[in-house]
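Each remark here refers to the structure printed beneath this line.
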Amino acid sequence: MEPHPDEFDCQIIVLALLIQIRLPLSSIFRQKGEPAPLFNAVDGVLGAADGARDATDGVRADTVGAANGVLDAADSARVATDGIRGAADGDRGVADDIRGTVDGIRGAVDGIRGAVDGIQGAVCSVADDVWDAVRGICGAVHGVCGVVHVVGGTVDGICSAFGGTVDIVRGAVHGVYA
């Protein structure tokens, strides 16, 4: 399976950033079967972004369904007004026709209320999905930051150990020639 183009671009950006801050390449590339922690964190960020995209797709589908419900209710209202017009034109049973038409209008209003409830539900569902996606992205970013802190601490430790070794060698050389 080929990587997503965004994933490849993100990996290049992360590699460029790591080179700029002079982190060891072992923090980027896999070492003999071990996972590359930084790329795993980047994969988490990309997964959270995919989740946000899926959430917006779900909202779009819910909104279209609710809009179709509103259109159906409008059609019902149109049929009801046609019924009123027909009742006014007729000679017999006008009161019954008007009563039936009023019932049709009530049904159309109920349909519109149901469509509005559907839209409200879709919006709330999207808000929840987007919030979950944002929390996922934040978690992934925290994971990347944790990896960067671990790598930075390792680099600091290596530099300190190297500096200490140089100081010991200098002291030994000065002790021999003193």
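Just so you know, numbering that gives the first Met the number 0 puts 48 at position 49 of the sequence shown, and the rest follows in order with no gaps.
In this text, a Cβ means the ideal position worked out from N, Cα and C, and glycines have one as well.
query: Can you give the Cα-Cα distance for R84 and R98, rounded to whole angstroms?
result: As a working mapping, residue 84 is identified with position 85 in the sequence shown. As a working mapping, residue 98 is identified with position 99 in the sequence shown. Their backbone Cα atoms lie some 13 Å apart in a straight line.
Residues of its chain near A121, where Cβ-Cβ distance is below 7 Å and the 5 sequence neighbours each way are ignored: On the sequence shown, position 122 is the one that residue 121 refers to. V58, D61, T62 and A65.
query: In terms of alpha-carbon separation, which member of D74, V69, R112 and V133 lies closest to A54?
result: Here the question's residue 54 lines up with position 55 in the sequence shown. That would be V133, whose Cα lies nearest to the Cα of A54.
- prompt: Counting pairs of beta carbons, one from the stretch 67-74 and one from the stretch 108-123, are three or more of them closer than 8 Å?
  reply: yes
- prompt: Can you tell which of H173, G138 and V115 has its C-alpha closest to the C-alpha of A47?
  reply: Mapped onto the sequence shown, residue 47 falls at position 48. Per the Cα distances, G138.
query: Would you say A126 and G68 are within 8 Å of each other, going by their C-beta atoms?
result: As a position in the sequence shown, residue 126 is number 127, starting the count at 1. As a position in the sequence shown, residue 68 is number 69, starting the count at 1. No, Cβ-Cβ distance for A126 and G68 is not below 8 Å.
query: Just the Cα atoms here: how many angstroms apart are G156 and V149?
result: Here residue 156 refers to the residue found at position 157 when the sequence shown is read from its first residue. Here residue 149 refers to the residue found at position 150 when the sequence shown is read from its first residue. Between G156 and V149, the C-alpha separation is close to 10 Å.
message: Considering only their Cβ atoms, is the gap separating I104 from A76 smaller than 8 Å?
response: Position 77 of the sequence shown, counted from the first residue, corresponds to residue 76. Position 105 of the sequence shown, counted from the first residue, corresponds to residue 104. For A76 and I104, yes; Cβs fall inside 8 Å.
query: Just how far apart, CA to CA, sit V172 and V165?
result: Sequence index remark: in the sequence shown, residue 172 carries index 173 (1-based). Sequence index remark: in the sequence shown, residue 165 carries index 166 (1-based). One C-alpha to the other measures close to 10 Å.
- prompt: Taking just the CA atoms, how far does V129 sit from H141?
  reply: Mapped onto the sequence shown, residue 141 falls at position 142. Mapped onto the sequence shown, residue 129 falls at position 130. Distance between the alpha carbons of H141 and V129 is about 18 Å.
query: Alpha carbon to alpha carbon, what distance is there between I136 and S159?
result: Within the sequence shown, residue 159 is the residue found at index 160, counting from 1. Within the sequence shown, residue 136 is the residue found at index 137, counting from 1. Cα to Cα, S159 sits roughly 34 Å from I136.
- request: Flag this pair as yes or no: are the beta carbons of G82 and D96 separated by less than 8 Å?
  value: Taking the sequence shown and counting its residues from 1, the one referred to as residue 82 is at position 83. Taking the sequence shown and counting its residues from 1, the one referred to as residue 96 is at position 97. Yes, the Cβ-Cβ distance between G82 and D96 is below 8 Å.
message: Output needed for V147: all residues of its chain with C-beta closer than 7 Å, excluding positions within five of it in sequence on either side, in chain order.
response: Working through the sequence shown from its first residue, we reach residue 147 at position 148. Contacts found: none.
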